[in-house]
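Quick notes on the structure that follows.
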Amino acid sequence: MLDKNGIAKRIAQEVQNGFYVNLGIGIPTLVANYVREDIEVEFQSENGVLGMGPFPFEGEEDADLINAGKQTITALPGASFFDSSMSFSMIRGKHIHLTILGAMEVAENGDIANWKIPGKMVKGMGGAMDLVASADNIIVAMMHTNKRGESKILKKCSLPLTGVGCVTKVVTNLAVLEVRNNAFHLLERAPGVSVEEIQKATEGTLVVNGEIPEMYI
Amino acid sequence: MLDKNGIAKRIAQEVQNGFYVNLGIGIPTLVANYVREDIEVEFQSENGVLGMGPFPFEGEEDADLINAGKQTITALPGASFFDSSMSFSMIRGKHIHLTILGAMEVAENGDIANWKIPGKMVKGMGGAMDLVASADNIIVAMMHTNKRGESKILKKCSLPLTGVGCVTKVVTNLAVLEVRNNAFHLLERAPGVSVEEIQKATEGTLVVNGEIPEMYI
Amino acid sequence: MINKTVNNVQEALEGVQNAMTLMLGGFGLSGIPENAISELVKRKVTDLTCISNNAGVDDFGLGLLLQQKQIKKMISSYVGENDEFERQMLSGELEVELTPQGTLAEKCRAAQAGFPAFYTPAGYGTEVAEGKETREFDGKMYVLEPAFKADFAFVKAWKGDAAGNLVFKGTARNFNPNMCGAATITVAEVEELVPVGALDPNNIHIPGVFIQRIFQGENYEKRIEQRTIRQRS
Amino acid sequence: MINKTVNNVQEALEGVQNAMTLMLGGFGLSGIPENAISELVKRKVTDLTCISNNAGVDDFGLGLLLQQKQIKKMISSYVGENDEFERQMLSGELEVELTPQGTLAEKCRAAQAGFPAFYTPAGYGTEVAEGKETREFDGKMYVLEPAFKADFAFVKAWKGDAAGNLVFKGTARNFNPNMCGAATITVAEVEELVPVGALDPNNIHIPGVFIQRIFQGENYEKRIEQRTIRQRS
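If you read the protein sequences in the order shown, they are chains A, B, C and D.
Taken in order, the first sequence gives residues 30 to 246; the numbers are from this note's numbering.
Taken in order, the second sequence gives residues 30 to 246; the numbers are from this note's numbering.
Taken in order, the third sequence gives residues 16 to 248; the numbers are from this note's numbering.
Taken in order, the fourth sequence gives residues 16 to 248; the numbers are from this note's numbering.
Here it is, written out as C-alpha cells:
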C-alpha cells in the first residue's frame with residue numbers, strides 16, 4: 030500500500046520528457062519532487078507562472094510569487110509570468126500535456142467529482158473544471174477509499190461533477206487504473222496489495238487482464 | 030470648397046479632450062496635424078501602437094515602428110505597443126472614442142462602402158470593418174463627389190458594404206453632414222459653398238433646417 | 016497623453032454606490048487592490064456584487080467587506096479560505112455564483128474586448144452548465160458564457176504612469192489585466208506611480224486606454240497566505 | 016526547462032509539405048518571418064494556404080512565394096501593395112479570402128486559446144458575413160467566426176531563448192503573438208537568441224509553451240514599405 034508520497038512517486042513516472050505539467054493542490058504538488066532529473070519538464074501553475082521551481086528558502090518568500098495553492102514558490106530560469114486569461118489559453122488550447130489532480134470520486138466512464146459536497150462543503154472548483162474539460166491526459170491522484178472505507182472508484186459519481194468522461198488514469202494507494210471503455214483497467218498493484226484487495230475496494234467495473242504486475246517504485 | 034487639408038482641419042474640431050482616436054489612411058491621417066494643442070488626445074494605430082507621434086526625422090526611421098498605413102512613425106512618451114488581438118480589443122470593446130476614416134460611398138442610413146469595387150479593385154478591408162462595426166462615433170472624411178462629378182453621398186450604397194448603419198458624421202469638401210433618421214442633416218457649409226450646390230451634389234436625402242452656417246476653419 | 020491620475024483613493028472611488036457590481040483583481044491575497052478594498056469598507060457601501068476569483072481571508076482582502084456584510088453576491092472560482100464566508104453562504108445571507116477559473120478570466124476579457132459571449136468546454140456536463148446553452152463544435156461540447164457587466168473594476172499593479180499604463184509583478188498579475196476595461200470605470204492602484212516615459216512601451220502589460228483612474232497606493236501589506244519554504248541543505 | 020532550439024531554418028521547417036495551411040506573422044513587411052519565407056521559397060512547396068494579414072510586396076515577404084506560384088489561397092485582411100497578387104487574383108489563379116483584421120487576429124487567438132469559434136460584430140451586414148451564422152446579443156448583431164486550423168505557424172520575434180520565450184519589438188509584434196500555438200507546430204525565428212534566464216520573466220510576451228521550434232535568424236533585411244519623414248525645423 031502506498032502513502033501520499035508513494036502515489037506521487039508513481040505518478041512521477043508518467044511525466045515524460047518535454048512535458049508541460051499542471052499539478053493540482055495536495056498529492057499532485059508532491060509529484061514535482063519525484064520527477065526524474067534527466068528529463069526536461071516544466072510546471073505550470075494556473076494563477077500565472079510557467080517554469081515553477083521549488084519553495085523558496087526562508088527569508089526569500091515573495092507575496093507576488095505564489096502557486097495555485099497560494100503557497101510561496103520560486104521561478105526557474107526560463108520561467109514566465111502571465112495573466113489568467115493567457116494561463117487558461119494554455120490549458121484550454123491543449124498546450125499543457127499532463128494534468129494531475131485530486132478527486133473525491135472517479136467513475137468508470139471517466140467522470141470526476143472534486144469540488145463540492147452538497148450541504149457540507151463548497152470551496153469551489155478553481156481551475157479544475159477548465160483543466161479537466163481541456164486536457165487530453167488527466168491523471169487523478171487519490172486514496173482508493175474514503176475514511177469510512179467506502180470506495181471512491183465508482184460506477185457513477187454521487188457528488189456534483191467537475192468534468193465528464195475525462196479521466197484517463199487513476200493512481201491510488203492501492204493501484205494504477207486506466208479508465209477506458211466504461212471500466213477501470215487494472216494496470217499495476219501497489220507493493221504488497223493483491224488483486225482481490227483492489228477488487229474489494231473498487232465499486233466500479235474493474236477489468237483484470239492476465240497477470241497484474243506490482244508497481245516499480 | 031475645402032481641399033484635403035481643409036477637411037482634416039474641420040474634422041480636427043470634432044476631437045475632444047480625453048479622446049482616443051483611430052485615424053484611417055489618407056485624409057484622416059492629416060487630422061493629427063490640426064488637433065488643438067491644449068487638449069489631451071492619443072492616437073491609436075490598429076497594427077499595435079497607442080500614443081502615436083509624428084513621422085520620424087530623416088535617419089530615425091525604424092522598420093519596427095510603423096502605422097496602419099505602413100508609414101514610419103514615432104511613439105510619444107506614454108506610448109505602448111501591443112499585439113493585434115489586444116489592439117482590436119480596444120476597438121471592439123469601445124475603448125476608442127472616435128474613428129475617422131475615408132469612404133467611397135456613404136448612404137443616408139449610415140452604411141459605408143470603402144473596400145472593394147467588384148471586378149476592378151480589391152485591396153481588402155484591413156481593420157475598417159472592425160472599426161465601423163464597433164465604434165459609436167464614426168466620422169467619414171471624403172470628397173462629396175467622384176471624379177465624374179457623381180455624388181458619393183447616396184440613398185443607398187452601390188458598392189459592397191464595409192458596415193451597416195454606423196456612420197455618424199460626414200465631412201466633405203462641401204459640407205458637414207450628420208447622419209440620422211435615414212437622412213443627411215446639413216450642419217455646415219464649406220466656405221463659399223451654397224446650400225444649393227450641396228443639394229445638387231447630394232444624391233441621398235438632405236435635410237436643411239433653418240439657416241446653415243459656414244464652417245469656421 | 017491623456018492624464019488619468021487622481022489624488023487619492025477617495026477620488027478614485029467617487030461614484031461607487033450601493034448595489035453596484037464590482038470587479039476586483041487578485042488571486043488569493045496576491046495582487047489584490049488593498050487600498051480600494053479599505054476604502055470600500057470605509058464607505059460602507061452595501062448590497063455589492065463582487066467578481067473576484069477568491070473571497071479573501073477572514074480579516075484581509077474581501078473578507079473585510081464580508082465582515083461588514085457589504086456583499087450581497089460573490090462571483091468567484093474558489094472561496095475555501097474564509098470561515099465567515101462559509102457561514103454567510105450556508106446561512107443563505109450571501110449569494111454565491113461559482114464559476115470555473117478560466118471562465119471567470121475570460122468573462123472579464125470578453126467584457127474588455129467587446130465579445131458578448133464565448134464558448135468554453137469548462138463545466139460542460141456539470142451543474143455549472145445547468146440552464147446554459149451548450150453546443151458541439153468538432154465533436155466536443157461547449158458551454159456559452161456571457162461577458163461580465165460591471166460598474167467598477169479595481170485592479171492593483173506594480174508600476175503605472177499618468178497615462179494609465181500598467182506593469183504587474185510575478186503572479187500578482189493574475190486577473191488584474193483581464194479586468195482592465197471590463198467595467199464602466201476601471202480604477203488602478205499602483206505600488207509605484209512612475210513618470211510618463213519611464214515605462215518601456217514594449218513592456219507595458221496594460222495600455223492606459225483601458226484605465227479611467229490611477230493613483231499611488233499606500234501602506235501595502237501584501238500578506239502571504241501560505242508561507243511555504245524549503246530547508247537550506 | 017524544455018529546450019526548443021533547432022540549429023537552423025532547414026531544421027525549423029522540417030515537415031512542411033505541399034497543400035499545408037501556414038500562418039505567417041507580420042503586418043505589412045514589419046515583423047515578418049523573413050528566414051522562414053526564404054526557406055519556403057527554396058523548398059518549392061506548393062498549393063499552400065497562407066494566413067497572413069498582408070501578402071507582402073512584389074519582391075519581398077509573401078510576394079516571393081506568389082512569384083513562384085506556391086500559394087493556392089491567401090487569407091488576409093489587406094493585400095493592396097502587390098501587383099502580382101492582384102494579377103493572380105483577378106485571373107483566378109489565386110484564391111483569396113478577405114477577413115477583417117480584428118477577426119483575423121482573433122481567429123488566430125481562438126486557435127491558440129482553445130476557443131472553437133467566437134462572435135464578432137465586424138462584417139455584419141456585409142458580404143464577409145454571407146453564409147455565416149449571425150446572432151443578436153443585447154440588441155447588436157454579431158457574426159460567428161470559427162478558429163483557424165493550421166499546420167505551421169511562422170513567427171518572428173526580436174529576442175527569444177531556448178525555452179521558446181519570446182519578446183517582440185515595437186509594432187513588429189502585431190499578429191506574431193496571436194499565431195503562437197495557433198497551429199500544430201509553431202516555429203519562431205528571432206533576431207537574437209539570448210541565454211535562458213536573460214529575459215525578465217515579467218516581460219515575456221509569449222511563454223515558450225506555445226512554441227515548438229526556435230532558431231537564431233540571419234540576414235534580416237527589415238525593409239521599410241512607406242518611408243515617411245518630417246523635416247527638421
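Beta carbons: idealized from backbone N, C-alpha and C, even for Gly.
Remember, predicted model here, so these are calculated numbers, not experimental data.
| Item | Value |
| --- | --- |
| Assuming C:Tyr157 and C:Pro136 make a contact with CB atoms under 8 angstroms, what is their CB distance in whole Å? | 5 angstroms |
| Mind checking the stretch 217-245 of chain D against chain C and listing, in chain order, the residues whose C-beta falls within less than 9 angstroms of any C-beta there? | Asn217, Asn218, His220 |
| From what residue to what residue does the beta strand (DSSP E) around B:Thr128 run? | 127-131 |
| If you drop the 5 nearest sequence neighbours on each side, which residues of the same chain put their C-beta closer than 7 angstroms to that of A:Glu232? | Ser180, Ile182, Leu183, Lys184 |
| Compile a chain-ordered list of the residues in the stretch 153-175 of chain A whose CB is closer than 9 angstroms to at least one CB of chain C. | Gly153, Met154, Gly155, Gly156, Ala157, Met158, Asp159, Leu160, Val161, Ala162, Ser163 |
| Roughly how many angstroms lie between the CA atoms of C:Gln103 and C:Leu55, to the nearest whole one? | 19 angstroms |
| Within 8 angstroms of any Cβ in chain A, is that where the Cβ of D:Ala178 sits? | yes |
| Could you work out which residue in A:Ile40, A:Gly192, A:Ala157 is closest to C:Asp140 when comparing CA atoms only? | First, the residue type needs correcting, since residue 140 of chain C is Gly and not Asp in the sequence shown. The residue with the shortest Cα to Cα distance from C:Gly140 is A:Gly192. |
| Residues of the stretch 132-159 of chain D in Cβ contact with chain C at a cutoff of 8 angstroms, in chain order, please. | Ala132, Phe133, Tyr134, Thr135, Pro136, Phe152, Asp153, Lys155, Tyr157 |
| Are any of the Cβ atoms in chain B nearer than 8 angstroms to that of C:Ala128? | yes |
| From A:Cys195, A:Met81, A:Val151, A:Val135, pick the residue whose C-alpha is nearest to that of D:Ile17; which is it? | A:Met81 |
| Are A:Asn202 and A:Leu31 touching if we call contact CB-CB under 8 angstroms? | yes |
| Quick check: is the beta carbon of A:Thr119 nearer than 8 angstroms to any beta carbon in chain D? | The residue asked about is misnamed: residue 119 of chain A is Met in this sequence, not Thr. Closer than 8 angstroms: yes. |
| Quick one: which chain B residues come within Cβ less than 7 angstroms of D:Thr186? | Asn76, Gly77, Val78, Asp93, Leu94, Ile95, Phe110 |
| To the nearest angstrom, how far is it from the Cα of D:Glu206 to the Cα of A:Gly148? | 58 angstroms |
| How would you call B:Lys38, buried or exposed, if buried means at least 16 neighbouring beta carbons within 10 angstroms? | buried |
| If you scan the stretch 165-230 of chain A from start to end, which runs of the beta strand (DSSP E) of 3 or more residues do you find wholly inside it? | 167-170, 198-200, 204-209, 212-218 |
| Using only CA atoms, which one of A:Val50, A:Gly35, A:Lys33 lies nearest to A:Asp165? | A:Val50 |
| Assuming A:Gly148 is part of the beta strand (DSSP E), what are its boundary residues? | Unbroken run through A:Gly148: none, as it is neither H nor E. |
| For D:Cys65, report the span of its beta strand (DSSP E) as first-last. | 63-66 |
| Which residues bound the beta strand (DSSP E) around D:Gly117? | Counting along the chain, D:Gly117 falls outside any beta strand (DSSP E), though it belongs to the alpha helix (DSSP H) covering 116-128. |
| Examine the ligand GDP and report whether any of its heavy atoms sits within less than 7 angstroms of the Cβ of C:Val211. | Inclusion of the ligand GDP in the displayed structure is not the case, the ligand content being empty and no account of it being possible. |
| Going by DSSP, name the residue or residues bridged to D:Pro161. | D:Ala132 |
| Determine, using beta carbons only, whether A:Cys16 and A:Ile167 come nearer to each other than 8 angstroms. | Since the first residue of chain A shown is 30 and the last is 246, residue 16 of chain A is not available in this structure. |
| Taking the C-alpha atoms as reference points, what is the distance between B:Leu79 and B:Pro85? | 16 angstroms |
| Which residue or residues does DSSP assign as beta-bridge partners of B:Tyr49? | B:Glu71 |
| Let me see if you follow: with CB-CB separation under 8 angstroms, is A:Glu71 close to chain D or not? | yes |
| Is there a Cβ from chain A that is less than 8 angstroms from the Cβ of D:Ile200? | no |
| What does C:Gln241 pair with, by DSSP beta-bridge criteria? | A:Gln100 |
| Pick helix, strand or coil for C:Lys57, following the three-state DSSP scheme. | helix |
| Counting along the chain, where does the beta strand (DSSP E) carrying C:Phe230 start and finish? | 228-231 |
| Classify D:Asn234 as buried or exposed, calling it buried when 16 or more other Cβ atoms lie within 10 Å of its own Cβ. | exposed |
| For D:Glu101, which of D:Gln82, D:Pro115, D:Thr199, D:Asn191 has the nearest alpha-carbon? | D:Gln82 |
| Based on Cα-Cα distance, which residue from D:Asp176, D:Val170, D:Pro192 lies nearest to D:Pro48? | D:Val170 |
| Would you check if the stretch 220-237 of chain C and the stretch 20-37 of chain C touch, i.e. whether three or more CB-CB distances between them fall below 8 angstroms? | yes |
| Mapping the DSSP letters down to three states, classify C:Ser92 as helix, strand or coil. | coil |
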